[in-house]
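Letter by letter, the sequence shown follows residues 1 to 386 of UniProt numbering. Reviewing the structure listed below.
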Amino acid sequence: MTKKKIVILGVTGSIGQSTLKVVRHLPDQFEVVGIAGGRRWQETAEIANEFKVPYASVANQSDYENFSKALADTQPLCGEEALIKMCTLPEVDLVLCGIVGTGALIPVYEAVKLGKTIALASKEILVAAGEIIMEEAHKSGAQILPVDSEHSAIFQCLEGKSPKDIRRVILTCSGGPFLRREEDFSSVKVENALKHPTWEMGRKISIDSASLMNKALEVIEARWLFDLEPNQVDVVVHPQSIVHSMVEFTDNTVLSQMSENDMVFPIQFAMTYPDRYSSSLKPMDFTKAMTLTFEEPDHKRFPSLRFAHDAMAMGGAAPAILNAVNEVAVLAFLDERIRFSAIWDLIRIFLEKAGEYPATNLDEILATDARVRRETEDLILSGVYK
1 MTKKKIVILG
11 VTGSIGQSTL
21 KVVRHLPDQF
31 EVVGIAGGRR
41 WQETAEIANE
51 FKVPYASVAN
61 QSDYENFSKA
71 LADTQPLCGE
81 EALIKMCTLP
91 EVDLVLCGIV
101 GTGALIPVYE
111 AVKLGKTIAL
121 ASKEILVAAG
131 EIIMEEAHKS
141 GAQILPVDSE
151 HSAIFQCLEG
161 KSPKDIRRVI
171 LTCSGGPFLR
181 REEDFSSVKV
191 ENALKHPTWE
201 MGRKISIDSA
211 SLMNKALEVI
221 EARWLFDLEP
231 NQVDVVVHPQ
241 SIVHSMVEFT
251 DNTVLSQMSE
261 NDMVFPIQFA
271 MTYPDRYSSS
281 LKPMDFTKAM
291 TLTFEEPDHK
301 RFPSLRFAHD
311 AMAMGGAAPA
321 ILNAVNEVAV
331 LAFLDERIRF
341 SAIWDLIRIF
351 LEKAGEYPAT
361 NLDEILATDA
371 RVRRETEDLI
381 LSGVYK
């Protein structure tokens, strides 16, 4: 049996670590040929040596020398060019992208142009450049498979279904740590925002979940992944996180996908697609008492979902701006340089002037992204949002 050759971007993060669990669980199915570990060069070197990876990269040149010395039989690489090199290797069958944000946008785009299969966890890539990425995928025949549990659920529910039969998709949302919070959000502490009630995730995604921005980004991602109109993507709050998402059809029937809360499953499904294999996931036990509840999101207290629909309605640079401002603001909040509610304040300011920024091609989107990040940082430095 021929092993599927994979590249893992973001190998030291939560998605990357779950991906390695799948590789260990199914060693006869996968061969890791490239990994990117960002700033955590020591962990990246250990993984490269464990899996005997031909290529491994780190983000910073300052780490490159120590990283190189720590490797056994792996070629060391560095920077964005390294990501492009690994993603476009002729032998690569699958690129699993788990880098938070848009840092891997260009490498993923180059892989899509070559018709590679992409297992995508970095929702920000389709938020910023969904139309361009999906258009290129249609040209090259590249498959973009969702890794987020919600989008994986929708993907599974839609298998074999005709697009004309879809009324809407319904993303489920845990509601995050502040679902029942009644106090003002300006006093939120970083440690409290990081305490997600259901999932174990990285710091940036945890803050996005607390603000519901994670779900807002998923709304935009779903629009592009499944070729939907913006009004065909809805969200319901489901605190138990057992039903991962649903699809409603034109005959008023609904299909949903359920499983225990573990990112290993949607990652494995994307990696092995179209086949299914046994997993380390605990099976559902329907003999035990189980309560599933659903409710409408509070758009007034959590404006993130409204921002997503505003950005989709505006089109152009608006979704990329939404994402760029959020990334800068979240990092500033984590550094305790702005209050939690300022994340929404900053996004609102930039969305109101989104029409001023060009976004007709990928170069313009990247330029707008960089410009908005600088301008957001300037506003933060003013101290107004502390």
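Glycine included, C-beta positions come from ideal geometry on N, C-alpha and C.
Who are the Cβ neighbours of P266 in its own chain at under 6 Å, not counting the five residues just before and after it? The count along the sequence shown starts at 1 and reaches residue 266 at position 266. Closer than 6 Å at the Cβ level, and outside the excluded window around P266, lie V147, S149 and S152.
Compute the distance between the beta-carbons of G10 and G38, then report whether it is under 9 Å. By 1-based counting over the sequence shown, the position of residue 10 is 10. By 1-based counting over the sequence shown, the position of residue 38 is 38. Yes.
Through-space distance from V7 to L96, alpha-carbon basis: Residue 96 sits at position 96 when you count from the first residue of the sequence shown. Residue 7 sits at position 7 when you count from the first residue of the sequence shown. Each residue's Cα considered, the two are about 6 Å apart.
How big is the Cα-Cα spacing for Y357 and A317? One-based indexing of the sequence shown puts residue 357 at position 357. One-based indexing of the sequence shown puts residue 317 at position 317. Y357 and A317: Cα-Cα distance of roughly 6 Å.
Which residue from L158, Q29, A70 and P197 puts its Cα closest to that of W41? To locate residue 41, count along the sequence shown from 1; it is residue 41. The candidate whose alpha carbon is nearest that of W41 is A70.
Going residue by residue through the stretch 143-186, where are the continuous alpha helix (DSSP H) segments of at least 4 residues, counting only ones entirely within it? Complete alpha helix (DSSP H) runs here, min 4: 149-158.
Give the single residue among A313, Y109, V188 and Q29 whose Cα lies nearest to the Cα of A342. The residue given as residue 342 occupies position 342 in the sequence shown. When each option's Cα is compared against that of A342, the closest is V188.
Nearest-angstrom Cα separation, counted from A104 out to P76: Here residue 76 refers to the residue found at position 76 of the sequence shown. Here residue 104 refers to the residue found at position 104 of the sequence shown. Cα to Cα, P76 sits roughly 18 Å from A104.
E124: buried (16+ other C-beta within 10 angstroms of its C-beta) or exposed? In the sequence shown, residue 124 corresponds to position 124, counting from 1. Buried, because 16 or more other Cβ atoms sit within 10 Å of the Cβ of E124.
Excluding the 5 residues flanking D208 on each side, which residues of the same chain have their C-beta closer than 6 Å to its C-beta? Mapped onto the sequence shown, residue 208 falls at position 208. Cβ within range, chain order: N214.
Determine the DSSP secondary structure at residue 462, reduced to helix, strand or coil. What is shown of the chain runs 1 to 386, which leaves residue 462 out entirely.
Does DSSP classify residue 457 as helix, strand or coil? Nothing can be reported for residue 457, as the shown portion of the chain is limited to 1 through 386.
According to DSSP, residues forming a beta bridge with E31: In the sequence shown, residue 31 corresponds to position 31, counting from 1. According to DSSP, E31 bridges with K5.
Mind reading off the beta-carbon distance from V372 to F294? Whole number of angstroms is fine, and I expect it under 8 Å. Numbered from its first residue, the sequence shown carries residue 372 at position 372. Numbered from its first residue, the sequence shown carries residue 294 at position 294. Actually they are not in contact, since the Cβ atoms of V372 and F294 sit about 35 Å apart, beyond 8 Å.
Is DSSP giving E295 helix, strand or coil here? Here the question's residue 295 lines up with position 295 in the sequence shown. In this structure, E295 counts as strand in the three-state DSSP scheme.
From this set, K3, Q156 and P230, which residue's C-alpha is nearest A270's C-alpha? In the sequence shown, residue 270 corresponds to position 270, counting from 1. It is Q156.
Provide the residue span of the alpha helix (DSSP H) that contains T368, from first to last. Locating residue 368 in the sequence shown gives position 368, counting from the first residue. T368 -> alpha helix (DSSP H) spans L362 to L381.
When the distance is taken between beta carbons, is M314 closer than 9 Å to S18? For the purposes of this step, residue 18 is taken as the residue at position 18 of the sequence shown. For the purposes of this step, residue 314 is taken as the residue at position 314 of the sequence shown. For the 9 Å CB-CB criterion, S18 and M314 do not form a contact.
Look at the Cβ atom of K204, then the Cβ atom of L331, and state whether they are nearer than 9 Å. Against the sequence shown, residue 204 aligns to sequence position 204. Against the sequence shown, residue 331 aligns to sequence position 331. Yes, they are a contact pair.
When the Cα atoms are used, what is the spatial distance from L255 to P303? Counted from its first residue, the sequence shown places residue 255 at position 255. Counted from its first residue, the sequence shown places residue 303 at position 303. Rounded to the nearest angstrom, the two C-alpha atoms are 28 Å apart.
Tell me which same chain residues have a C-beta within less than 6 Å of the C-beta of N49, skipping the five on either side of it? Stepping through the sequence shown from its first residue, residue 49 is reached at position 49. Taken in chain order, the residues that qualify are A72.
How about the stretch 23-34 and the stretch 80-92: do they share at least three Cβ pairs that are nearer than 8 Å? Segments in contact, yes.
Can the beta-carbon of W224 be found less than 9 Å from the beta-carbon of L126? In the sequence shown, the residue the question calls residue 224 occupies position 224. In the sequence shown, the residue the question calls residue 126 occupies position 126. In this structure, L126 lies closer than 9 Å to W224 by Cβ.
Roughly how many angstroms separate the alpha carbons of F249 and R337, rounded to a whole number? Position 249 of the sequence shown, counted from the start, is the residue given in the question as residue 249. Position 337 of the sequence shown, counted from the start, is the residue given in the question as residue 337. Roughly 46 Å between the two C-alpha positions.
Which same chain residues end up closer than 6 Å to S259 when comparing Cβ atoms and leaving out the 5 residues on each side of it in sequence? Position 259 of the sequence shown, counted from the start, is the residue given in the question as residue 259. Closer than 6 Å at the Cβ level, and outside the excluded window around S259, lie F265.
Is it right to say L120 is buried, meaning 16 or more other beta carbons lie within 10 angstroms of its own, or is it exposed? Locating residue 120 in the sequence shown gives position 120, where the first residue counts as 1. Buried, by the Cβ-count rule.
So does the stretch 176-196 actually touch the stretch 275-290, counting three or more Cβ pairs closer than 8 Å? no
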